[in-house]
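S.K.: Provided herewith is a single structure, encoded as structure tokens, for subsequent inquiry.
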Amino acid sequence: MTKIKSLADLRKKKEELEQKLKLRETSMNPENFVQIKVGMATSGIASGAKEVMDYLIEELEKRGIDAVVTQTGDMGYCFAEPTIEVTRPNEEPIVFGYVSIKKADEIIEKYIKNGELVEGIIPVNYESIDE
Amino acid sequence: MAKQIKIHLLVCGGTGCRVSQSEAIKAELERELIANELENEAKVVTTGCFGFCEKGPIVKVHPDNTFYVKVKPQDAAEIVREHVIKGRKVERLLYTNPEKKEQVADSKHTGFYRKQIRIALRNCGFIDPENIDEYLARNGYEALGKVLSQMTPEEVIKEIKDSGLRGRGGGGFPTGLKWEITRKSIADQKYVVCNADEGDPGAFMDRSILEGDPHAVIEAMAICGYAIGATRGLIYIRAEYPLAIHRLKIAIDQARSYGLLGNNIFESDFDFDIELRYGAGAFVCGEETALIHSMEGHRGEPTFKPPFPSVEGYKGKPTNVNNVETFANIPIIINKGAKWFSSIGTEKAKGTKVFALAGKINNVGLIEVPMGTTLREVIFEIGGGIKDGKKFKAVQTGGPSGGCLTEKHLDTPIEYDTLIEAGSMMGSGGMIVMDEDDCMVSVAKFYLDFTVEESCGKCSPCRIGNKRLYEMLDSITKGEGTMETLDKLRNLSHVIKETSLCGLGQTAPNPVLSTLDNFWDEYVEHVVNKKCPAGVCKSLMRYVVIPENCVGCTACARNCPVHCISGERKQVHEIDQSVCIKCGACYEKCKFNAIAIV
């Protein structure tokens, strides 16, 4: 990996990474591209987040849906693990809690494919500090 | 093809809103949609708690984010007719901003979400913690770059001092001042230590930060190294946190490969690297001198301060020890400035604090609120209130060093000093909520059991005194205590506090003192009337059959593990108290409420 040698380097790298993320989104069929984050902290994994993540990766592939599934840390909703955040193209992200394999299937079929919300939504209840 | 659902009506299904009829609202909304033949275009969905219980029940319309408050079942028709069909907002149900007295339609501008601001948790649950690129895309290492290329170490320390950041591990010592003292200590080598030995029962925010955003801590340690003049960093983490360790290792490797750790970082001649040290999970090792001894390979025992670690720490060199959450705040302070940070919080405590909500609370989890938020807001709004609609009894903060706060403290703003005044402390941020079914003597006993177990044994007040406290509490729960025991309990607690060597012993009696102060009647009930009001202390309760309710179904007798219940079929049963082990199996099995706890 190339070393980052200065603040200018770092900022260039940041721009590149942001571009790359955007490119990834637009090049992969922007109409359908879906991003999913799975909360994979200890509490999530203990409640079965890993199985849900594997299931999502396999099933989205099988069902021909362009999506990127990544892991992330604790979203803070330990009472509702496993939790996943789904972002449909050009829409606000939505967090679902208590995601079992069955619930994951329902989320793919109803929300990811048709934008129809299903039970288990956890409303965002905090303010972020991003401008 | 079926029409696509275009509008969603989100109805809050949190406990608070359910109590105020949110289920009936949902049913009404669904009925109205069907009546207007809209069931294929709009859908009603129950969601988790919006954390706005005070204004509940909440109905939010998606996608336009309209936020209706205090909705009643009879409002359903109007919402469907006006909003869903005609696209007009039902103004009388909109939230009115109390300060500006104007109605707010969009949930993002209710100002309500300012109750939680995520600073330390900003990336937690947002980025992939095993991919440094995601951290970099979120302005990661920008603060380190800025510090190394544009600021002197003195300027960095001034910025941290001006921000008002205080230690998040419990003590609340001003972070900038600690850095300054370490900078002024002269030595050939200095160390930056991250205290990740999170030991309070019920606290897990440090683990979550390390699991969710390890680079924030690494970046902050490097900034600290530059500020105090250290080139080496150590993270002392308990071996029970395997996932956090795994992700830290990945993060350190990735930072090295980008040259963000190692020699000549940002070509500034500044070298810094980090290694991990594992703890065996001893509570006392969260105390900084004990932590340092443990890292040196010695027994994890505290030593008297002064000398403070900032003068003489790891291997006798000046060492700056900060907690995980404290570090997680540093990069943001550098990026956004001390002024921004100090605008959040109260006069004496700036910024936010992460709390781990646990116990009898609906929304168990991690929250981050500005300093000065009240316990009521945390427990009843963000936390969604008490489980199963029970009554709030107490909240334990500060772990084994803290105390129990009661209903009268609910409106106390949370900050370091106010919690100490109320007889507890901030601690690392664990909050264990208790309801009417919890016995406060047993709670105090639980914490003493913990400190007795965790005492290192070096000084006698802690080693012997706490053991005696535990024994006295135990005798009270067995009905053997007297009023004299209560006096002794209080006196000994004060002696231990005043004469123990380190923080562990000095604070160990706090759970006893705070429960004595706040729940005196409950102690008296145990020693005088030999009763446990919460029905927890087994020795003080008896299970008895209520003859009027007993139908003689034999369910209790069949499930009793010690066969102490006798009685013929269709006859009233009886429990033999001399054999009963008070397991409660009969109480749970009885369908006729014929078993009572007295």
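One line per chain: the protein sequences are A and B, in this order. Counted the way our numbering counts, the first sequence spans residues 2 to 132. Counted the way our numbering counts, the second sequence spans residues 344 to 941. Built from N, CA and C at the ideal position, the CB exists for glycine as well.
Quick one, which of B:798, B:839, B:834 has its alpha-carbon nearest residue 624 (chain B)'s?
M.R.: B:798
S.K.: So for residue 132 (chain A), helix, strand or coil by DSSP?
M.R.: Confidence is the limiting factor: at residue 132 (chain A) the pLDDT is only 48, short of 50, which leaves the residue's position unreliable and the question unanswerable from this model.
S.K.: Pull out every residue of the segment 347-377 of chain B whose Cβ sits closer than 7 Å to any Cβ of chain A, in chain order.
M.R.: 347, 348, 351, 353
S.K.: Where does residue 503 (chain B) sit, in a helix, a strand or coil, going by DSSP?
M.R.: Residue state, collapsed to three classes: helix.
S.K.: Compare the C-beta of residue 1 (chain A) against all C-beta atoms of chain B and say whether one is closer than 8 Å.
M.R.: Any answer about residue 1 (chain A) is impossible in this case: the structure gives chain A only from 2 up to 132.
S.K.: According to DSSP, what are the bridge partners of residue 577 (chain B)?
M.R.: B:536, B:618
S.K.: With respect to the alpha helix (DSSP H) encompassing residue 866 (chain B), which residues constitute its N-terminal and C-terminal limits?
M.R.: Run containing residue 866 (chain B): 863-870, per the alpha helix (DSSP H) assignment.
S.K.: Looking at the structure shown, is residue 15 (chain A) part of a helix, part of a strand, or coil, going by DSSP?
M.R.: helix
S.K.: Counting only C-beta atoms, is residue 936 (chain B) closer than 8 Å to chain A at any point?
M.R.: no
S.K.: Taking the straight line between their C-alpha atoms, what separation do you get for residue 899 (chain B) and residue 882 (chain B)?
M.R.: 20 Å
S.K.: Less than 8 Å between CB atoms is the rule here; does residue 485 (chain B) satisfy it with respect to chain A?
M.R.: Chain A contact via Cβ: present.
S.K.: I need the DSSP call for residue 461 (chain B), collapsed to helix, strand or coil.
M.R.: strand
S.K.: Give the range of the alpha helix (DSSP H) segment to which residue 930 (chain B) is assigned.
M.R.: 928-932
S.K.: Whose CA, out of B:595, B:606, B:543, B:574, lies closest to the CA of residue 581 (chain B)?
M.R.: B:543
S.K.: Pairing CB atoms from the segment 82-101 of chain A with CB atoms from the segment 52-65 of chain A, are three or more of them under 8 Å?
M.R.: yes
S.K.: Do the CB positions of residue 512 (chain B) and residue 379 (chain B) come within less than 8 Å of each other?
M.R.: no
S.K.: If you follow the alpha helix (DSSP H) that residue 678 (chain B) is part of, which residue opens it and which one closes it?
M.R.: First-last of the alpha helix (DSSP H) with residue 678 (chain B): 667-679.
S.K.: By how many angstroms is the C-alpha of residue 5 (chain A) removed from the C-alpha of residue 132 (chain A)?
M.R.: Caution is warranted here: a pLDDT of 48 is assigned to residue 132 (chain A), below 50, making its placement in the model unreliable, and no coordinate value can be reported.
S.K.: Taking 8 Å as the CB-CB cut-off, is residue 119 (chain A) touching chain B?
M.R.: yes
S.K.: So which residues on chain B does residue 78 (chain A) lean against when the C-beta distance must stay under 7 Å?
M.R.: What residue 78 (chain A) touches in chain B, judged by beta-carbon distance under 7 Å, is 708, going in chain order.
S.K.: Taking the continuous beta strand (DSSP E) assigned at residue 36 (chain A), which residues delimit it?
M.R.: 35-40
S.K.: Please classify residue 351 (chain B) as buried or exposed, where buried requires at least 16 neighbouring CB atoms within 10 angstroms.
M.R.: buried
S.K.: Which chain B residues sit within Cβ distance under 8 Å of residue 116 (chain A)?
M.R.: Under the 8 Å cutoff, chain B gives 347, 348.
S.K.: Pop quiz: residue 119 (chain A) and residue 112 (chain A) are said to be a contact at Cβ under 8 Å. What is the actual Cβ separation, rounded to whole angstroms?
M.R.: 6 Å
S.K.: How is the beta strand (DSSP E) around residue 737 (chain B) delimited, first residue to last?
M.R.: 735-740
S.K.: For a cutoff of 8 Å on Cβ pairs, would you count residue 772 (chain B) as touching chain A?
M.R.: no
S.K.: Run through chain B and tell me which residues come within less than 9 Å of residue 71 (chain A), C-beta to C-beta.
M.R.: 470, 471, 474, 477
S.K.: Can you tell me whether residue 838 (chain B) is buried or exposed, with buried defined as 16 or more other CB within 10 angstroms of its CB?
M.R.: exposed
S.K.: Taking residue 641 (chain B) as the reference, give the member of B:773, B:657, B:835 with the closest Cα.
M.R.: Closest by alpha carbon: B:657.
S.K.: On a Cα-Cα basis, can you pick out the residue from B:421, B:545, B:819 that is closest to residue 770 (chain B)?
M.R.: B:545
S.K.: To be precise: take each residue of the segment 647-666 of chain B, compare its Cβ to all Cβ atoms of chain A, and keep it if any distance is under 8 Å. Which residues remain?
M.R.: none
S.K.: Determine the chain A residues that contact residue 324 (chain B) at a beta-carbon separation under 9 Å, and present them in chain order.
M.R.: Residue numbering for chain B in the displayed model covers 344 to 941; residue 324 (chain B) lies beyond these limits and cannot be assessed.
S.K.: Short of 8 Å Cβ to Cβ, which residues in the segment 612-636 of chain B face chain A?
M.R.: none
S.K.: Expressed to the nearest angstrom, what Euclidean distance is found between the alpha-carbon atoms of residue 673 (chain B) and residue 479 (chain B)?
M.R.: 16 Å
S.K.: Classify residue 626 (chain B): buried if its beta carbon has 16 or more other beta carbons within 10 angstroms, exposed otherwise.
M.R.: buried
S.K.: What residues from chain A crowd round residue 555 (chain B), counting only those whose CB sits closer than 8 Å?
M.R.: 42, 73, 74, 75
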